[in-house]
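Protein chains: 2
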Amino acid sequence: MKKYREMTREELLLEKQELERQFQEVKAQGLSLDMSRGKPAMDQLDISMEMMDVLHAGADLRCETGVDCRNYGVLDGIPEAKRLLGAMSEVEPDQIIIYGNSSLNVMFDTVARSMTHGVCGNTPWCKLDKVKFLCPVPGYDRHFRITEFFGIEMINIPMTPEGPDMDMVEELVQNDPAVKGIWCVPKYSNPQGYTYSEETVERFAHLKPAAPDFRIYWDNAYSIHHLYDDNQDFLVEILGACEKAGNPDIVYKFTSTSKVSFPGSGIAAVAASEANLNDFRKYMTVQTIGHDKLNQLRHVRFFKDLDGLHEHMRKHAALLRPKFEMVINTLDRELGGLEIGEWTRPHGGYFISFDSMEGCAKAIVAKAKEAGVVMTGAGATYPYGKDPKDSNIRIAPSYPTPEELEQAAKIFVLCVKLVSVEKLLETNIA
Amino acid sequence: MKKYREMTREELLLEKQELERQFQEVKAQGLSLDMSRGKPAMDQLDISMEMMDVLHAGADLRCETGVDCRNYGVLDGIPEAKRLLGAMSEVEPDQIIIYGNSSLNVMFDTVARSMTHGVCGNTPWCKLDKVKFLCPVPGYDRHFRITEFFGIEMINIPMTPEGPDMDMVEELVQNDPAVKGIWCVPKYSNPQGYTYSEETVERFAHLKPAAPDFRIYWDNAYSIHHLYDDNQDFLVEILGACEKAGNPDIVYKFTSTSKVSFPGSGIAAVAASEANLNDFRKYMTVQTIGHDKLNQLRHVRFFKDLDGLHEHMRKHAALLRPKFEMVINTLDRELGGLEIGEWTRPHGGYFISFDSMEGCAKAIVAKAKEAGVVMTGAGATYPYGKDPKDSNIRIAPSYPTPEELEQAAKIFVLCVKLVSVEKLLETNIA
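What follows is the structure in structure tokens.
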């Protein structure tokens with residue numbers, strides 16, 4: 137097919153007419169499809185159902201140190217859970233604290249704690265005139281909402297397939313003491329599915345921050361969430377890299393089993409240096425008597441070890457892979473060569489990132505909604521919900537059934553085409 | 137037996153000699169007993185074991201609105217959990233939010249939120265020069281640690297069998313805008329087991345705080361935790377009372393199933409006015425994607441309804457009652473008439489409060505420890521760990537087995553006698 141940009145005004149009008157016709161046809165079907173959030177589909181949840189049976193009325197519910205998991209006690213996680221999530225995070229069990237059901241909650245608490253109590257003895261952020269966070273964009277909307285909620289100024293850092301623009305990161309982190317953190321999803325990033333390169337991780341590890349309380353928020357949400365057995369991304373382990381670089385305290389590494397077992401009923405963890413973990417513990421010890429140890433035990437008895445986790449993730453991959461491929465194939469087939477959009481081809485994670493022509497994303501998402509397909513809000517992948525180019529759209533292919541997804545992907549590309557033609561006609565007039 | 141105060145110096149010395157002998161005998165046994173924390177005993181945990189089986193690999197894990205509890209979604213609790221904990225809290229389901237595993241965590245978050253974001257649009261407390269909390273004493277150490285952790289000034293309010301000294305509460309709340317809250321355990325209070333009288337609750341409901349963001353932290357931890365079927369305390373429902381008094385927003389009511397099902401693996405909740413709940417939700421919506429809905433479902437399917445909860449609590453009572461009675465009988469028998477201590481006779485909850493002669497509590501707890509009995513630290517029931525009279529000791533009879541408890545109680549009274557005699561001899565000399 138001819139590139140839209142090379143079409144004459146008449147050709148564009150004809151194309152528009154045909155697309156409009158298709159759109160009205162689809163709209164008339166009154167569909168209700170959802171590609172908005174990184175939610176596992178029902179068949180993915182089904183593969184964890186045996187987890188419901190590993191703890192039963194006759195089971196011994198003591199952890200390996202003999203502590204009764206049914207009672208109070210053990211603030212920072214039972215040893216076997218530390219070992220399991222330590223292995224998943226590529227750190228030693230004593231480098232990790234096990235939390236409740238949500239790593240987002242742990243990140244929120246980490247920012248909240250920094251606001252009221254400061255980081256490792258430094259001035260609480262609420263006492264400072266200005267606190268800034270670096271936000272690789274596009275990125276995860278829920279990260280940005282946390283920093284926005286606490287009135288932290290967010291600075292956009294462009295993402296590349298190798299990770300954030302590290303020249304810009306170094307410049308800002310090393311010269312501005314108000315810069316206290318950076319949000320990272322380093323592996324199968326949200327939304328692009330990029331994995332930070334070895335050089336990027338090393339440059340992170342060797343940062344010399346102007347602020348002693350600067351921390352990298354390393355949200356390793358998709359560490360074992362591969363789509364392929366033979367085509368996996370590799371991420372350098374950040375804690376070890378920072379320690380080697382003489383920077384052991386610069387990073388917090390977050391993880392959870394939300395997209396391994398059950399979202400909302402998984403277990404979360406943070407890995408960090410001893411000094412940082414003790415800082416976390418000082419807060420935790422006042423905040424709670426302890427997290428849900430039965431759920432920790434349930435996870436360990438079900439997954440057993442890292443091999444068990446990997447085996448389980450292969451089952452997820454078998455369900456997710458065809459969905460990713462269907463969306464990418466549809467994008468390739470329908471939009472390839474038109475030069476009205478670009479999209480990523482992740483090897484893992486939960487998202488595909490789509491960049492439309494400038495100024496089209498909001499209109500595309502609105503069109504899709506009109507046709508019954510809910511996408512993540514345009515702009516959501518940027519701090520304050522403001523995508524300066526209005527071009528990024530996050531595609532979450534996991535939740536719909538394959539049949540629904542096929543429909544949704546077709547509607548999406550139709551909307552992209554239609555909005556792009558309209559945009560080009562506008563520009564043409566001007 | 138003769139009152140210690142009426143003994144001559146010689147009689148006291150003889151008594152001391154005999155008590156010392158008994159103490160050495162006990163000490164030689166090298167016991168290790170724990171009356172320090174309000175932990176259910178193993179046989180209490182056993183009565184909830186069938187909860188492990190209600191969700192199983194073949195179960196339908198959707199809540200009554202059809203939402204799959206295994207997936208993300210439903211920020212503030214599934215409807216049936218709201219109904220169950222609403223009934224437990226004597227409020228409507230729409231007056232309650234279901235949280236994670238710990239009501240202490242909810243209280244902590246509530247203070248943290250007030251620090252950084254203020255209460256219902258009022259100035260964040262971290263921007264104020266001074267924030268004060270009223271602390272009925274003796275009270276719950278973990279409450280006091282939260283306010284201490286956030287640098288909030290704590291003011292002692294004497295407790296009576298009818299509740300806190302309300303003249304003092306009214307005086308402070310109604311005249312000092314820096315007073316932002318009060319910690320209350322209104323039913324079977326920690327540590328006395330007192331229940332606030334109807335007049336006390338009404339006076340709370342009719343407070344006219346100087347601060348618009350003053351809130352009553354009503355920790356109804358022991359609402360259904362009776363020891364007797366026929367001798368139960370009655371507490372006026374505070375939300376209704378406040379609403380009637382034209383003060384709907386003045387109170388947060390916290391509860392949890394920690395001592396109903398499994399401590400650390402229960403579900404927690406807050407009940408409050410719509411305005412307050414919306415204030416909570418604004419924070420929650422950034423803090424987490426949602427709490428553990430499977431555990432909510434597990435609780436509902438196990439307990440079913442309020443009758444189920446009450447029936448279950450009777451089983452707890454059957455195990456706890458003999459322990460309370462054993463301790464109180466030991467105190468009565470061994471210390472009755474000596475006028476060296478006073479103790480409470482709760483109808484529910486988890487604690488007995490003991491007041492020694494002034495200046496003896498620390499020494500008694502230290503003596504008990506020397507003989508192998510761990511008590512809650514003396515002073516712990518007061519803000520900053522400072523009991524001005526050094527006389528209050530919290531007794532937690534739940535955790536030891538009946539046999540251990542019998543030993544522990546005997547050792548405790550022995551230590552009370554010994555320290556009291558020593559104190560009287562000191563005074564005698566001076």
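Sequence lines, in order, name chains A and B. Going letter by letter, the first sequence gives residues 137 to 566 in this note's numbering. Going letter by letter, the second sequence gives residues 137 to 566 in this note's numbering. The beta-carbon is built from N, C-alpha and C at its ideal position, and this holds for glycine as well.
Interface positions of the stretch 187–204 of chain B facing chain A (Cβ-Cβ less than 9 angstroms), listed along the chain: M187, M188, D189, L191, H192, A193, G194, A195, L197, D204
Applying the criterion that 16 or more other CB atoms from any shown protein chain within 10 Å of the CB defines a buried residue, is M493(B) buried or exposed? Reading the second sequence from its first residue, position 357 is the one you call residue 493(B). Buried, since its Cβ has 16 or more Cβ neighbours within 10 Å.
Under a CB-based cut-off of 8 angstroms, is H427(B) close to chain A? Along the second sequence, read from residue 1 onward, the residue named residue 427(B) stands at position 291. Yes, because at least one Cβ of chain A sits closer than 8 angstroms to the Cβ of H427(B).
Is the distance from the Cβ of I654(A) to the Cβ of V552(A) below 8 angstroms? Chain A is shown only over 137 to 566; residue 654(A) falls outside these bounds and no answer can be derived.
Give me whichever residues DSSP pairs with E379(B) in a beta bridge. Counted from its first residue, the second sequence places residue 379(B) at position 243. None, per the DSSP bridge assignment.
Do you know offhand how far I293(A)'s Cα is from L270(A)'s? Mapped onto the first sequence, residue 293(A) falls at position 157. Mapped onto the first sequence, residue 270(A) falls at position 134. The alpha-carbon separation between I293(A) and L270(A) amounts to approximately 6 angstroms.
Got a sec? Which residues, its chain only, sit under 6 angstroms from N326(B) by beta carbon, not counting five neighbours each side? The sequence position of residue 326(B) within the second sequence is 190, counting from 1. Closer than 6 angstroms at Cβ, skipping near neighbours: Y276, F487.
Examine chain A for any beta-carbon lying closer than 8 angstroms to the beta-carbon of S401(B), and answer yes or no. Within the second sequence, the letter at position 265 stands for residue 401(B). Yes, its Cβ sits closer than 8 angstroms to a Cβ of chain A.
Presumed contact (8 angstroms Cβ cut-off) between A411(B) and D385(B), rounded CB distance: On the second sequence, position 275 is the one that residue 411(B) refers to. On the second sequence, position 249 is the one that residue 385(B) refers to. That pair is a contact at about 5 angstroms.
I want to see whether chain B comes within less than 8 angstroms of F244(A), judged by CB atoms only; does it? Taking the first residue of the first sequence as position 1, residue 244(A) is located at position 108. The beta-carbon of F244(A) is placed less than 8 angstroms from the nearest beta-carbon of chain B.
Given that a residue counts as buried once 16 or more other Cβ atoms are within 10 Å of its Cβ, and exposed if not, what is D265(A)? The sequence position of residue 265(A) within the first sequence is 129, counting from 1. By the neighbour-count rule (16 or more Cβ atoms within 10 Å), D265(A) is not buried but exposed.
Is Y208(A) close to chain B, meaning its C-beta is less than 8 angstroms from at least one C-beta of that chain? Start at 1 with the first residue of the first sequence, and residue 208(A) comes out as number 72. Yes, contact with chain B.
For A195(A) and H452(B), the rounded distance between their alpha carbons: Reading the second sequence from its first residue, position 316 is the one you call residue 452(B). Reading the first sequence from its first residue, position 59 is the one you call residue 195(A). Going by the C-alpha atoms only, they are around 21 angstroms apart.
Tell me which residues of the stretch 211–241 of chain A have at least one Cβ-Cβ distance to chain B shorter than 7 angstroms, keeping chain order. G236, N237, S238, L240, N241
Take every Cβ of the stretch 366–382 of chain B, pair it with every Cβ of the stretch 327–339 of chain B, and state whether three or more of those distances are shorter than 8 angstroms. Yes: the two stretches touch, three or more of their Cβ pairs being nearer than 8 angstroms.
Any beta-carbon of chain B closer than 8 angstroms to the one on N431(A)? The sequence position of residue 431(A) within the first sequence is 295, counting from 1. Closer than 8 angstroms to some Cβ of chain B, the Cβ of N431(A) qualifies, so yes.
Determine the burial state of K139(A): buried for a count of at least 16 other Cβ atoms within 10 Å of its Cβ, exposed for fewer. Stepping through the first sequence from its first residue, residue 139(A) is reached at position 3. K139(A) counts as exposed, since fewer than 16 other C-beta atoms from the protein chains shown sit within 10 angstroms of its C-beta.
Select from the stretch 282–307 of chain B all residues with a C-beta closer than 7 angstroms to any C-beta belonging to chain A, and list them in chain order. So the list reads I282, F285, F286, given in the order they occur along the chain.
How far does the alpha helix (DSSP H) with S397(B) in it reach, from first residue to last? Locating residue 397(B) in the second sequence gives position 261, where the first residue counts as 1. Looking at the DSSP string, S397(B) is not in any alpha helix (DSSP H), and its letter there is neither H nor E.
On the DSSP bridge assignment, give the partners of F438(B) in chain order. Within the second sequence, residue 438(B) is the residue found at index 302, counting from 1. Paired residue(s): none; F438(B) is not in a bridge.
Using a threshold of 8 angstroms, state whether the C-beta atoms of V557(A) and K163(A) are closer than that. Here residue 557(A) is taken as the residue at index 421 of the first sequence, counted from 1. Here residue 163(A) is taken as the residue at index 27 of the first sequence, counted from 1. In this structure, K163(A) does not lie closer than 8 angstroms to V557(A) by Cβ.
Cβ closer than 7 angstroms: which chain B residues qualify as neighbours of K175(A)? Here residue 175(A) corresponds to residue number 39 of the first sequence, with the count starting at 1. Simply N207, Y208.
Just to make sure I have the definition right: I need the residues of chain B whose C-beta is within less than 7 angstroms of the C-beta of T252(A). Which are they? Residue mapping note: residue 252(A) aligns to position 116 of the first sequence, counting from 1. By Cβ distance, chain B contributes A248, M251, T252, C262, F286.
From S409(A), T393(A), K268(A), residue whose alpha carbon lies closest to that of V402(A): Along the first sequence, read from residue 1 onward, the residue named residue 402(A) stands at position 266. Checking the displayed sequence, the identity of residue 402(A) turns out to be Gly instead of Val. Taking the Cα of G402(A) as reference, the smallest distance to any Cα among S409(A), T393(A), K268(A) is reached at T393(A).
Roughly how many angstroms separate the alpha carbons of Y535(A) and V510(A), rounded to a whole number? Within the first sequence, the letter at position 399 stands for residue 535(A). Within the first sequence, the letter at position 374 stands for residue 510(A). Distance between the alpha carbons of Y535(A) and V510(A): 12 angstroms.
With 7 angstroms as the C-beta to C-beta threshold (strictly closer), list the residues of the stretch 394–420 of chain B near chain A in chain order. F398, P399, G400, S401
Establish whether the CB of L149(B) and some CB of chain A are separated by less than 8 angstroms. Here residue 149(B) is taken as the residue at index 13 of the second sequence, counted from 1. Not one chain A Cβ lies under 8 angstroms of L149(B).
Step through the CB atoms of chain B and report whether any lies within less than 8 angstroms of the CB of T537(A). As a first step, residue 537(A) is located in the first sequence; it is residue number 401 there, counting from the start. With 8 angstroms as the cut-off, T537(A) does not count as an interface residue toward chain B.
Within this structure, are the beta carbons of G400(B) and N241(B) separated by less than 8 angstroms? Walking along the second sequence from the start, residue 400(B) turns up at place 264. Walking along the second sequence from the start, residue 241(B) turns up at place 105. Between G400(B) and N241(B), the C-beta spacing is not below 8 angstroms.
Local conformation of F350(A) per DSSP, three classes: By 1-based counting over the first sequence, the position of residue 350(A) is 214. DSSP places F350(A) in coil when its eight states are reduced to three.
Endpoints, alpha helix (DSSP H) assigned at V90(B): In the structure displayed, chain B extends from 137 to 566; residue 90(B) sits before or after that span and is not available.
By alpha-carbon positions, which one of K323(B), P348(B), T331(B) ends up nearest to Q310(B)? Position 174 of the second sequence, counted from the first residue, corresponds to residue 310(B). The option with the nearest alpha carbon to Q310(B) is P348(B).
F370(A): buried (16+ other C-beta within 10 angstroms of its C-beta) or exposed? In the first sequence, the residue the question calls residue 370(A) occupies position 234. It counts as exposed.
Under 8 angstroms Cβ to Cβ from M420(B), same chain only, skipping five residues before and after it: list those, please. Counted from its first residue, the second sequence places residue 420(B) at position 284. Correct list, in chain order: L211, D212, I233.
In chain B, which residues lie less than 7 angstroms from T466(A) when you measure between Cβ atoms? Here residue 466(A) refers to the residue found at position 330 when the first sequence is read from its first residue. Neighbours of T466(A) on chain B: none; closest Cβ ~25 angstroms, over 7 angstroms.
Beta-carbon of A566(B) versus every beta-carbon of chain A: anything under 8 angstroms? Position 430 of the second sequence, counted from the start, is the residue given in the question as residue 566(B). With a pLDDT of 47 at A566(B), under the threshold of 50, the modelled position of that residue is not reliable, and no figure is offered here.
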